[in-house]
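Engineer: Residue numbers (my numbering): 296 to 572.
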């Protein structure tokens, strides 16, 4: 056999093969392009929403096995009442909505694909009003509705596995590697060593969409402003050791200004005050 043809390094360095690989990756990216809900922004999504939801439902079961649910019936019902109103406003009937309160001082909350929402009792120390609770839940639900986790998963798969990312994504329901990336993207499961942070654009998008659906549910958009002002003060107090939520959702003066800038238009267009808050 010709040794030149049997040299794997030669194949790796072959410019024609390189171009073919680049074209394959480009085709993959084009095929995976989608439009974000509410904003219409272009997204790279390698896995389907159904696959993402399947992973979310599996992760929700794991969370319930490892976390203690709160026995405080009043606060649990408060979370569920606010959540149910936001779910109606979100208009996502295929989601199997469920709202849970975890007994832990952690300042955190998250929504998994499929509509499984988890709020920690620790964050209720900051979200004292229902408008503020609606802001935090709306924000987290917005991340799921706009598929920010799927977006981060897709980027992570491309970065870690390159050309293998597509085949791995096709088996997303069973692939351990994809399940691990899912846990990193959503920050769930047993102590994940590395969390994939939200980008600034995703955070801004979740703030906006979250305010919209909370306002549609009858909650005052200014709740988002007072919430993040409290978050900013809390983050400053904690210094170099912010809680998990603030490490992936960093508050900032710019963020608060952005919320202030959007709040009035969202109130005018979407807010309808309801008798029961």
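Every residue gets a Cβ at the ideal spot worked out from N, C-alpha and C, and that includes glycine.
DSSP on residue 398, reduced to helix/strand/coil?
Structural biologist: The residue given as residue 398 occupies position 103 in the chain shown. In the structure shown, residue 398 sits in coil (DSSP, three-state: anything other than H, G, I, E or B).
Engineer: Classify residue 388: buried if its beta carbon has 16 or more other beta carbons within 10 angstroms, exposed otherwise.
Structural biologist: The residue labelled residue 388 in the question sits at position 93 within the chain shown. When all chains shown are included, residue 388 counts as exposed.
Engineer: Can the beta-carbon of residue 518 be found less than 8 Å from the beta-carbon of residue 430?
Structural biologist: In the chain shown, counting from the first residue as 1, residue 518 sits at position 223. In the chain shown, counting from the first residue as 1, residue 430 sits at position 135. Going by C-beta atoms, residue 518 is nearer than 8 Å to residue 430.
Engineer: Enumerate in chain order the residues of its own chain whose CB-to-CB distance from residue 375 is below 7 Å, with the five nearest sequence positions on each side excluded.
Structural biologist: As a working note, residue 375 is residue 80 in the chain shown. Exclusion of the five residues before and after residue 375 leaves 394 as the residues of its chain whose Cβ lies within less than 7 Å of its Cβ.
Engineer: When DSSP labels each residue in this structure, what does residue 330 get in the three-state scheme?
Structural biologist: Against the chain shown, residue 330 aligns to sequence position 35. Reduced to three states, the DSSP call for residue 330 is strand.
Engineer: Where do the N-terminal and C-terminal ends of the beta strand (DSSP E) with residue 411 fall, by residue?
Structural biologist: Mapped onto the chain shown, residue 411 falls at position 116. In the DSSP annotation of this structure, the continuous segment of the beta strand (DSSP E) that includes residue 411 starts and ends at 411-415.
Engineer: For the beta strand (DSSP E) containing residue 339, name the first residue and the last one.
Structural biologist: The residue you call residue 339 lines up with position 44 of the chain shown. It spans 337-339 - the beta strand (DSSP E) in which residue 339 sits, taken as one unbroken run.
Engineer: Closer than 8 Å is the cut-off here; do at least three beta carbon pairs connect the segment 353-365 with the segment 520-528?
Structural biologist: no
Engineer: Identify whether residue 407 lies in helix, strand or coil by the three-state DSSP scheme.
Structural biologist: The residue labelled residue 407 in the question sits at position 112 within the chain shown. Of the three classes helix, strand and coil, the one that applies to residue 407 here is strand, per DSSP.
Engineer: Just the Cα atoms here: how many angstroms apart are residue 385 and residue 531?
Structural biologist: Against the chain shown, residue 385 aligns to sequence position 90. Against the chain shown, residue 531 aligns to sequence position 236. Rounded to whole angstroms, residue 385 to residue 531 spans 33 Å at the Cα level.
Engineer: Thinking C-alpha only, which one of 397, 555, 534 is nearest residue 503?
Structural biologist: The residue you call residue 503 lines up with position 208 of the chain shown. The residue with the shortest Cα to Cα distance from residue 503 is 555.
Engineer: Could you give the residue range of the alpha helix (DSSP H) that holds residue 587?
Structural biologist: Any answer about residue 587 is impossible in this case: the structure gives the chain only from 296 up to 572.
Engineer: Measuring alpha carbon to alpha carbon, tell me which of 523, 399, 334, 413 ends up nearest residue 352.
Structural biologist: For this step, residue 352 is matched to residue 57 along the chain shown. With distances taken between Cα atoms, residue 352 lies closest to 413.
Engineer: Roughly how many whole angstroms lie between the Cα atoms of residue 342 and residue 379?
Structural biologist: Counted from its first residue, the chain shown places residue 342 at position 47. Counted from its first residue, the chain shown places residue 379 at position 84. Whole-angstrom Cα-Cα distance: 28 Å.
Engineer: Suppose you measure from the CA of residue 514 to the CA of residue 337; what does that come to, to the nearest Å?
Structural biologist: For the purposes of this step, residue 514 is identified with residue 219 of the chain shown, where counting begins at 1. For the purposes of this step, residue 337 is identified with residue 42 of the chain shown, where counting begins at 1. About 29 Å.
Engineer: Alpha carbon to alpha carbon, what distance is there between residue 440 and residue 507?
Structural biologist: Mapped onto the chain shown, residue 507 falls at position 212. Mapped onto the chain shown, residue 440 falls at position 145. Cα to Cα, the separation comes out at about 12 Å.
Engineer: Who are the near neighbours of residue 332 in its chain, counting only those whose CB is closer than 8 Å to its CB and skipping five residues on each side?
Structural biologist: By one-based count along the chain shown, residue 332 stands at place 37. Here the set comprises 440, 441, 442, 504.
Engineer: Specify the secondary structure class of residue 393 as computed by DSSP and reduced to three states.
Structural biologist: As a working mapping, residue 393 is identified with position 98 in the chain shown. Of the three classes helix, strand and coil, the one that applies to residue 393 here is strand, per DSSP.
Engineer: So, for residue 445: in the same chain, excluding its five sequence neighbours on each side, which residues have a beta-carbon less than 7 Å away from its beta-carbon?
Structural biologist: As a working mapping, residue 445 is identified with position 150 in the chain shown. These residues qualify, in order along the chain: 340, 342, 347.
Engineer: Provide the residue(s) that pair with residue 364 in DSSP beta bridges, ordered along the chain.
Structural biologist: Residue numbering aside, residue 364 sits at position 69 when the chain shown is read from its first letter. Note: residue 364 sits in a beta bridge opposite 397.
Engineer: Among the candidates 411, 420, 426, whose CA atom is the shortest distance from the CA of residue 354?
Structural biologist: The sequence position of residue 354 within the chain shown is 59, counting from 1. Comparing Cα-Cα distances from residue 354 to each of 411, 420, 426, the minimum goes to 411.
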